[in-house]
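Let me begin by presenting the structure, written as structure tokens, before commenting on it.
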Amino acid sequence: MAEFKHGVSARQAETSLTVPNVAGSGITFVVGTSPAHMVEGGKVQEPVFGDSYNQAVRQLGYSDMWTDENGNPYYSLCEVMFTHYRLYGVQPVIFVNVLDPEKHGRTVDAQTYQVVDGRVRLPLEALIDTVEVSNYQRGGDYELFYDNNGLVLEILEGGSISPTTTALSVGYVAVDPSQVTKNDIIGGFDIVTKQYTGFELIDSVFSKFNVVTDIVICPGWSHDPEVAAIMDAKCQAINGIFTGKCIIDADTNEVRHFADTVAWKRQNNIFGKMQILCWPKLALGDRVFNFSSQLAAHIGQNDTRNGSIPSDSPSNRTMQINTAVLADGTEVWLELNQANMLNSNGVVTVMNFIGGYVCWGNWTACFPANTDVKDFFINVSRMFGWVGNSLILSFWNRIDRRMTARFADSIVDSGNIWLNGLSAAEHLLGGRLEFRPEDNTLVDIMSGTIRIRVFMTPPSPAREIEFIQEYDVSYVMAAFGIAA
34 MAEFKHGVSA
44 RQAETSLTVP
54 NVAGSGITFV
64 VGTSPAHMVE
74 GGKVQEPVFG
84 DSYNQAVRQL
94 GYSDMWTDEN
104 GNPYYSLCEV
114 MFTHYRLYGV
124 QPVIFVNVLD
134 PEKHGRTVDA
144 QTYQVVDGRV
154 RLPLEALIDT
164 VEVSNYQRGG
174 DYELFYDNNG
184 LVLEILEGGS
194 ISPTTTALSV
204 GYVAVDPSQV
214 TKNDIIGGFD
224 IVTKQYTGFE
234 LIDSVFSKFN
244 VVTDIVICPG
254 WSHDPEVAAI
264 MDAKCQAING
274 IFTGKCIIDA
284 DTNEVRHFAD
294 TVAWKRQNNI
304 FGKMQILCWP
314 KLALGDRVFN
324 FSSQLAAHIG
334 QNDTRNGSIP
344 SDSPSNRTMQ
354 INTAVLADGT
364 EVWLELNQAN
374 MLNSNGVVTV
384 MNFIGGYVCW
394 GNWTACFPAN
404 TDVKDFFINV
414 SRMFGWVGNS
424 LILSFWNRID
434 RRMTARFADS
444 IVDSGNIWLN
454 GLSAAEHLLG
464 GRLEFRPEDN
474 TLVDIMSGTI
484 RIRVFMTPPS
494 PAREIEFIQE
504 YDVSYVMAAF
514 GIAA
């Protein structure tokens with residue numbers, strides 16, 4: 034029997050319009066190495082969400098030794114921490130540390146270390162649980178702890194070590210970042226541990242942190258063509274559905290002159306529309322940075338200023354540097370025509386012209402081979418990716434609902450309201466969603482597939498402003514009263 038009603042009642046229906054779930058913008062994902070052994074529970078081969086400098090250091094450790102004495106990557110993630118948090122104030126950053134003490138280690142035989150003020154200073158690479166001091170025990174005779182400069186052995190009062198002792202014989206196992214290879218960086222799936230590693234971990238970021246990362250970097254490794262190719266592939270299908278941009282560093286050991294970048298780019302096949310190629314390195318005081326770490330932070334800062342929307346180009350905006358350099362420290366000075374030559378070949382660079390050192394270049398690596406404006410302009414291409422990512426997030430909850438005409442209309446209406454707002458704020462020149470019958474066959478609809486066209490036009494960067502000057506005789510005639 035139907036429910037008997039007598040009186041007044043009310044119920045709520047679902048709103049047909051969807052409030053947009055906007056994707057993040059300028060969120061960096063980086064694979065590299067860090068001294069995670071410094072901290073208890075240091076993370077290895079898993080994504081780490083770093084919402085602040087302190088949070089990142091607590092999980093990954095920190096050292097100023099970003100490269101070794103030969104310029105090879107050492108603790109590369111620390112460069113990204115310093116750049117994003119301290120120089121640009123950008124967060125969050127997603128880190129993956131591939132430096133595994135169990136895999137990348139070496140035994141250091143016992144040797145004599147001097148005792149100074151009751152302490153022995155060991156290298157930062159020394160693993161705290163492996164230290165052995167001849168004839169003495171940790172906890173009773175000495176204690177160990179890390180500081181910013183290394184592992185400290187402190188002699189305890191009341192122990193067996195005499196206060197007059199001037200030296201101790203100490204051995205240990207040391208983590209060795211030089212043993213990390215590009216295969217560790219690239220990663221994969223371990224059939225024994227059933228774990229993903231390296232760049233394969235990018236697909237777990239959203240499920241763990243509910244964050245869409247859209248900037249991918251790998252300082253110290255991205256110049257390798259195989260690593261660059263993997264980065265490009267990952268950015269085309271993060272989680273299989275999202276897209277992003279990867280920033281690639283040209284090798285300044287090989288490319289010592291700006292004109293050589295074109296041949297290097299061709300030789301290493303850096304032509305992806307998801308790739309942004311940079312040259313050379315950057316420096317601030319005594320610190321030398323890979324261009325990619327600075328540009329990623331620079332883009333994130335620029336997006337934040339723009340309401341976390343990537344519609345504005347990072348070009349011609351001040352960077353936190355005071356010179357450009359090669360790997361060996363040689364300074365690089367680019368004139369405007371030289372910087373433009375790099376731009377014309379799809380390379381982003383830096384220039385000290387008007388307004389100090391600025392990022393210079395609007396073009397992805399696919400230029401000039403690819404002349405589709407939605408692919409070659411960095412901000413236009415990023416806007417297409419960001420809008421696509423946002424539409425996926427906004428309408429994911431509609432999957433598996435009843436597919437009716439009203440269902441399609443509600444998606445179109447919701448999307449159009451959002452795009453109209455972006456257009457009113459001038460992040461787009463215009464945009465709209467359309468359900469077109471010719472895109473949706475009877476078979477598609479019967480099988481549960483619906484296709485909706487998205488038309489949008491992000492503003493192109495004003496790459497050139499030309500003033501045309503002309504001598505006007507009429508002003509002379511007017512000044513001297515000369516009749517026409």
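Those letters in the sequence shown? Residues 34 to 517, by this note's numbering.
Just so you know, even glycine gets a beta-carbon here, dropped at the ideal spot from N, CA and C.
Do the CB positions of residue i and residue j come within less than 8 angstroms of each other?
i	j	result
D284	W297	yes
A372	N286	no
I248	I60	yes
T163	V206	yes
A329	L120	no
R415	K278	yes
S193	D174	yes
I235	T246	yes
G379	C399	yes
N24	S443	The first residue shown for the chain is 34 and the last is 517, placing residue 24 beyond what the model contains.
G204	E158	no
S58	I342	yes
L184	I161	yes
N353	L317	Inspection of the sequence shows that residue 353 is occupied by Gln rather than by Asn. Yes, Cβ-Cβ distance for Q353 and L317 is below 8 angstroms.
L132	V90	no
V63	V141	no
T116	Q327	yes
N301	A261	yes
P134	V225	no
Cα separation between residue i and residue j?
i	j	result
P252	P106	8 angstroms
V321	N422	34 angstroms
T199	F178	20 angstroms
K215	P401	29 angstroms
M479	D223	41 angstroms
L424	V55	8 angstroms
V153	T397	51 angstroms
Q228	V238	14 angstroms
Q334	R139	40 angstroms
L110	G104	15 angstroms
I280	Q88	25 angstroms
V413	N403	14 angstroms
Q170	V148	16 angstroms
A520	F500	Lying outside 34 to 517, the shown extent of the chain, residue 520 is not represented and no answer is given.
N491	G454	It should be pointed out that residue 491 corresponds to Pro in this sequence rather than to Asn. The straight-line gap from Cα to Cα measures roughly 13 angstroms.
R439	M489	23 angstroms
M374	S427	41 angstroms
T474	A458	36 angstroms
F409	L155	50 angstroms
D345	P494	7 angstroms
A517	I498	34 angstroms
W123	R350	The residue asked about is misnamed: residue 123 is Val in this sequence, not Trp. The straight-line gap from Cα to Cα measures roughly 16 angstroms.
G389	E471	53 angstroms
V295	G305	14 angstroms
Q196	N181	Note on identity: in this sequence residue 196 is Pro, with Gln being the wrong assignment. Roughly 26 angstroms separates the two Cα atoms.
Once DSSP output is grouped into helix, strand and coil, what is the label at residue i?
i	result
C268	helix
E187	strand
M352	coil
L375	helix
I342	coil
V509	helix
T61	strand
N234	Note that residue 234 corresponds to Leu in the displayed sequence, not to Asn. It is helical.
V260	helix
Q170	coil
I161	helix
I248	strand
L367	coil
A357	strand
Hey, residue i and residue j are a contact pair by Cβ (cut 8 angstroms); roughly how many whole angstroms apart?
i	j	result
W312	T230	Not confirmed; about 30 angstroms, so no contact.
G448	S456	No, G448 and S456 are not in contact; Cβ-Cβ is about 12 angstroms, not under 8 angstroms.
T66	V213	6 angstroms
G74	L93	No, G74 and L93 are not in contact; Cβ-Cβ is about 11 angstroms, not under 8 angstroms.
V445	L466	5 angstroms
L85	Y118	Note that residue 85 is Ser in the sequence shown here, rather than Leu. Correct: roughly 7 angstroms between the Cβ atoms.
K267	F242	17 angstroms between Cβ atoms; not a contact.
G533	P125	Given a span of 34 to 517 for the chain in the structure shown, any question on residue 533 remains unanswerable.
K314	V358	5 angstroms
A69	N130	5 angstroms
Can you list the beta strand (DSSP E) stretches of 3 or more residues lying completely in the region 275-315, in chain order? 278-282 and 308-311
Alpha helix (DSSP H) runs wholly inside the region 382-462, at least 4 long, in chain order: 406-409, 411-428 and 438-457
Enumerated in chain order, which unbroken segments of the alpha helix (DSSP H) with a length of 4 residues or greater are wholly contained in the region 75-154? 86-93 and 109-114
Run through the region 458-506 for me and flag every whole alpha helix (DSSP H) of 4 or more residues, listed as ranges in chain order. 475-479
Complete runs of the beta strand (DSSP E) confined to the region 184-223 [at least 3 residues]: 184-188 and 200-208
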